[in-house]
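Student:
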Amino acid sequence: MTVLASAIKVCSTVSCAHTWIPITNLQSDPASQKMHYYRYSNAEVSCWYKYLLFSYNIVFWLAGVVFLGVGLWAWSEKGVLSDLTKVTRMHGVDPVVLVLMVGVVMFTLGFAGCVGALRENICLLNFFCSTIVLIFFLELAVAVLAFLFQDWVRDRFREFFESNIRSYRDDIDLQNLIDSLQKANQCCGAYGPEDWDLNVYFNCSGASYSREKCGVPFSCCVPDPAQKVVNTQCGYDVRTQLKSKWDESIFTKGCIQALESWLPRNIYIVAGVFIAISLLQIGAQGSLEFSGGAMLQQILHDMYIDPELLAELSDVQKHILFYKMREEQLRRWREREAWEALAQVEGLRPPKVKRASDKHIQWLLGADGEVWVWIMGEGPGDKPYEEISEELIAERARLQAQQEAEELWRQKEAEITKKFRDALANEKARILAEKWKVEMEDRKAAKVLEERIHEEFKRKEEEERKRGEEQIRLQEEQRAKELYWTLKQAQLQSLPSEKEEREWEEQLRRSKAADEERSRRAQRARDEYQRHSLGAIQKGTVAGLSSRFRELGQSHDQEARLYHHLPGPGPLSPLAVPGSRTWERPLRPVSREVIVRWFKEEQLPRRAGFERNTKAIAPWFHGIISREDAEDLLENMTEGAFLVRVSEKIWGYTLSYRLQKGFKHFLVDASGDFYSFLGVDPNRHATLTDLIDFHKEEIITVSGGELLQEPCGQRDSPPDYHLLFE
Numbered sequence: 001m002t003v004l005a006s007a008i009k010v011c012s013t014v015s016c017a018h019t020w021i022p023i024t025n026l027q028s029d030p031a032s033q034k035m036h037y038y039r040y041s042n043a044e045v046s047c048w049y050k051y052l053l054f055s056y057n058i059v060f061w062l063a064g065v066v067f068l069g070v071g072l073w074a075w076s077e078k079g080v081l082s083d084l085t086k087v088t089r090m091h092g093v094d095p096v097v098l099v100l101m102v103g104v105v106m107f108t109l110g111f112a113g114c115v116g117a118l119r120e121n122i123c124l125l126n127f128f129c130s131t132i133v134l135i136f137f138l139e140l141a142v143a144v145l146a147f148l149f150q151d152w153v154r155d156r157f158r159e160f161f162e163s164n165i166r167s168y169r170d171d172i173d174l175q176n177l178i179d180s181l182q183k184a185n186q187c188c189g190a191y192g193p194e195d196w197d198l199n200v201y202f203n204c205s206g207a208s209y210s211r212e213k214c215g216v217p218f219s220c221c222v223p224d225p226a227q228k229v230v231n232t233q234c235g236y237d238v239r240t241q242l243k244s245k246w247d248e249s250i251f252t253k254g255c256i257q258a259l260e261s262w263l264p265r266n267i268y269i270v271a272g273v274f275i276a277i278s279l280l281q282i283g284a285q286g287s288l289e290f291s292g293g294a295m296l297q298q299i300l301h302d303m304y305i306d307p308e309l310l311a312e313l314s315d316v317q318k319h320i321l322f323y324k325m326r327e328e329q330l331r332r333w334r335e336r337e338a339w340e341a342l343a344q345v346e347g348l349r350p351p352k353v354k355r356a357s358d359k360h361i362q363w364l365l366g367a368d369g370e371v372w373v374w375i376m377g378e379g380p381g382d383k384p385y386e387e388i389s390e391e392l393i394a395e396r397a398r399l400q401a402q403q404e405a406e407e408l409w410r411q412k413e414a415e416i417t418k419k420f421r422d423a424l425a426n427e428k429a430r431i432l433a434e435k436w437k438v439e440m441e442d443r444k445a446a447k448v449l450e451e452r453i454h455e456e457f458k459r460k461e462e463e464e465r466k467r468g469e470e471q472i473r474l475q476e477e478q479r480a481k482e483l484y485w486t487l488k489q490a491q492l493q494s495l496p497s498e499k500e501e502r503e504w505e506e507q508l509r510r511s512k513a514a515d516e517e518r519s520r521r522a523q524r525a526r527d528e529y530q531r532h533s534l535g536a537i538q539k540g541t542v543a544g545l546s547s548r549f550r551e552l553g554q555s556h557d558q559e560a561r562l563y564h565h566l567p568g569p570g571p572l573s574p575l576a577v578p579g580s581r582t583w584e585r586p587l588r589p590v591s592r593e594v595i596v597r598w599f600k601e602e603q604l605p606r607r608a609g610f611e612r613n614t615k616a617i618a619p620w621f622h623g624i625i626s627r628e629d630a631e632d633l634l635e636n637m638t639e640g641a642f643l644v645r646v647s648e649k650i651w652g653y654t655l656s657y658r659l660q661k662g663f664k665h666f667l668v669d670a671s672g673d674f675y676s677f678l679g680v681d682p683n684r685h686a687t688l689t690d691l692i693d694f695h696k697e698e699i700i701t702v703s704g705g706e707l708l709q710e711p712c713g714q715r716d717s718p719p720d721y722h723l724l725f726e
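See the structure below:
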């Protein structure tokens, strides 16, 4: 076994090429160790064995690649690659995990076998051999234990099947696996259809409100040859009937019983498959052992081992190999001694073995038949030896100087390149620093200008407030005087009639109502003016502010008419009276309270979320809900369904769109005076309703072709937007 192990170690270095190698001269006494070169006439190991092993493993390697590709594709479709924690959250067995495990084992073994055979790597071949032997014995042990402990195996299989029944709806691959098993074996559940009570969807308890309550999967149904389309609802409410009628529509035999009855009927097929796999594994191991024995015989025949191969052997294997080589040397030496002794006795001379690869030297002969000899410097026409030496030294010095000059130039060129690279980097840094400095100065100047405009606006606002208060005070005094003289005249006159008294009371009531109406209009004008002025400050429209102030001066007469006894005929200007300072909107939403305030103060006046020309809230509008809640609402909708929810990331909204397989979410910017998609659509719309109506006719993106078709409305009460409209 030790020799065989060493042979297996040696077997991996295989050569199919003819190479020159040094071997020990065996034509003399073993004590003499002269070395000469010998050319292999044959390969160390037949290339047939080498490429047979490669072909055997390339099939498994490609199969492993296919398994890995299918497994990764299945995980990608289920979204596991983007969130690997889904694997740990599954309660049942994911068949994709089994496919990936088989793929990894086959890929690793195939890679080790292919590369080990082609590159002649001992470590990879040893790994390949030991893994195959381990798998073979594991298969054998599992088969024996399963035969000896049948009851234990049956219980474990029952527990495994029941745990996967509980997770039947959690994973589509597990669902397809169970359906295929039940249809192929014409069975239902582990021991019968009652096992489906373990699943929450098929449970018959009163706490279950599933449509599939007291039913079984469609794979348990007895197929109807007349039906060309599979009826996936054939198992609904089946277990509410009498058990005696179950076998008319579903399979009543359990899958464990079906497998137990299937195994004896197909024992020869199972045994044949197991024997075939075992023969393949033993064949791969045997090919390596045969290659190892052939390699050992080749080394003993040539008396040479490659140094790289020798370095990979252990000390024990080296001693065994050298011992075998020494035995071979002694055997050859004894054969030669016996042949020479026999030749001396019989007067025979052993024939010299000629080899096709022997080297020989043939001397050049001169005209006189003697070996031709030339002495440098003494031949006819030769230069003197000293001159030849000088020329050789000069040429050598010139070449060395040229090499040194080239090396010096390479160093100089590297220094020049580095110098200009550093200079270019410094120049770029200087330009960036100047640009940053200019930008900082511009920002500071803009900030100063904004502060100055803000102060100017506050001053104007205070002046307008004082002027408005003064106007109201003057009008109040004037009105008091009018009422005073009216009452005075009434006292001077005689007692009025009953009709005149009613007219006076009606006039007084109208006067008070007009005063209240003027107060309400003034307050609305202040609020509208404050909202528009704050938006102008945030956008930095300095020229717009100046024009606003000019308009305020020009519309002074209209404001005066607002506080007159009779209301003016024209509409109120939105910037009539300034109001108090409102909140300043941050760059990004920081809390839900801030978002609600933003919606009430900026979006409600723009009728965001309302139907066109009505006071009804649009069915597609939703409040501040998360991405997961939006996808749950769209889960059972068809492709083209959509909803609009208030975003928590930007000042705007998020349009959630239902695809055939998945969802898309588009951000809608509402921070300015228009509504538009971020990054996908350059079109701008005056209202949110205009944007939705536009994309009911036009697609959102060319690549996706998203067209808004069906709005997704509210499902709960109160609706999720009730906080926005309180």
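Heads up, the sequence shown is in UniProt numbering, so the first residue is 1 and it goes up one at a time.
C-beta: ideal position from N, C-alpha, C; glycine also.
This structure is a prediction, so every number in the text was calculated from the model and none was measured.
1) How far does the alpha helix (DSSP H) with Ala341 in it reach, from first residue to last?
2) Bridge partners of Cys221, per DSSP?
3) Distance check for Ala608 and Arg459, CA to CA, integer angstroms please.
4) Are the C-beta of Lys383 and some C-beta of chain D separated by less than 7 Å?
5) Might you give, ordered along the chain, the residues of its own chain that have their beta carbon closer than 7 Å to the beta carbon of Trp363, omitting 5 neighbours on each side?
6) Answer with buried or exposed for Gly69, where buried requires no fewer than 16 other C-beta atoms within 10 angstroms of its C-beta.
7) Is Pro719 helix, strand or coil when you go by DSSP?
8) Assign Asn25 to one of three DSSP states: helix, strand, or coil.
9) Locate the alpha helix (DSSP H) running through Val153, then write down its first and last residues.
10) How would you label Cys234, buried or exposed, when you count the other beta carbons within 10 angstroms and need 16 or more for buried?
11) Leaving out five residues on either side along the sequence, give the residues of the same chain with a beta carbon under 7 Å from the beta carbon of Arg715.
12) Tell me which residues share the same chain as Glu99 and place their Cβ nearer than 8 Å to its Cβ, disregarding the 5 neighbours each side in the sequence.
13) Could you pull out every residue in the same chain whose Cβ sits closer than 8 Å to the Cβ of Asp693, ignoring the five residues on either side in sequence?
14) Beta carbon of His695, beta carbon of Leu708: below 7 Å?
15) So which of His622, Asp382 and Phe674 has the shortest CA-CA distance to His722?
16) Please report how far the alpha carbon of Ile650 lies from the alpha carbon of Arg597, in whole angstroms.
17) By how many angstroms is the C-alpha of His301 removed from the C-alpha of Leu330?
18) Using the C-alpha atoms, what's the distance from Leu449 back to Arg443?
19) Going by the CB atoms, is the gap between Val646 and residue 730 shorter than 7 Å?
20) Roughly how far, in whole angstroms, is the beta-carbon of Phe161 from the beta-carbon of Leu109, given that I think they are within contact range, below 8 Å?
21) Can you round the beta-carbon distance between Ile165 and Trp196 to whole angstroms, since I take them to be within the 8 Å contact cut?
22) By alpha-carbon positions, which one of Phe599, His319 and Gly192 ends up nearest to Trp246?
23) Over the uninterrupted beta strand (DSSP E) stretch that includes Arg658, give me the two end residues.
24) For the pair the stretch 175-191 and the stretch 216-226, tell me if three or more CB-CB distances fall below 8 Å.
25) My understanding is that Arg658 touches Glu639, with C-beta atoms under 8 Å, so please give their C-beta distance in whole angstroms.
26) Just curious, the beta strand (DSSP E) that Ala641 is in, first and last residue?
27) Which residue spans inside the stretch 425-449 form an unbroken alpha helix (DSSP H) run of at least 4?
28) Using 7 Å as the threshold, is the C-beta distance between Gly215 and Phe202 below it?
29) Could you pull out every residue in the same chain whose Cβ sits closer than 8 Å to the Cβ of Arg473, ignoring the five residues on either side in sequence?
30) So Arg169 and Ile256 are in contact, right, with Cβ under 8 Å, and what is the actual spacing, rounded?
31) Hey, how far is the Cα of Glu413 from the Cα of Leu365?
32) Exposed or buried, which one is Asp155 when buried takes at least 16 other CB atoms within 10 Å?
33) Look at the alpha carbon of Glu260 and the alpha carbon of Leu140, and state the distance between them as a whole number of angstroms.
34) State the DSSP-derived secondary structure class of Val365, mapped to helix, strand or coil.
35) Shortest alpha-carbon distance to Thr687 belongs to which of Phe322, Arg479 and Gly652?
36) What is the rounded straight-line gap between the Cα of Lys447 and the Cα of Pro586?
Tutor: In this structure, then:
1) Asp315 to Glu346
2) Ile250
3) 33 Å
4) Structure shown: chain D not included; a single protein chain is present.
5) Val371
6) exposed
7) coil
8) Because the pLDDT of Asn25 is 37, which lies under 50, any placement of that residue in the model is unreliable, and the question is left without a value.
9) Gln150 to Arg166
10) buried
11) Leu633
12) According to the sequence as given, residue 99 is Val; it is not Glu. Phe67, Val70, Gly71 and Ala74, listed in sequence order.
13) Arg612
14) yes
15) His622
16) 14 Å
17) 13 Å
18) 10 Å
19) Missing from the structure shown is residue 730; the chain here goes from 1 to 726 and no further.
20) Rounded, the Cβ-Cβ distance is 30 Å, inconsistent with contact.
21) 6 Å
22) Gly192
23) Gly652 to Leu659
24) yes
25) 6 Å
26) Ala641 to Val646
27) none
28) yes
29) none
30) That belief does not hold up - the Cβ atoms of Arg169 and Ile256 are roughly 22 Å apart, past 8 Å.
31) 56 Å
32) exposed
33) 20 Å
34) According to the sequence provided, residue 365 is Leu. The question's Val does not apply to it. Three-state DSSP puts Leu365 in a strand.
35) Gly652
36) 16 Å
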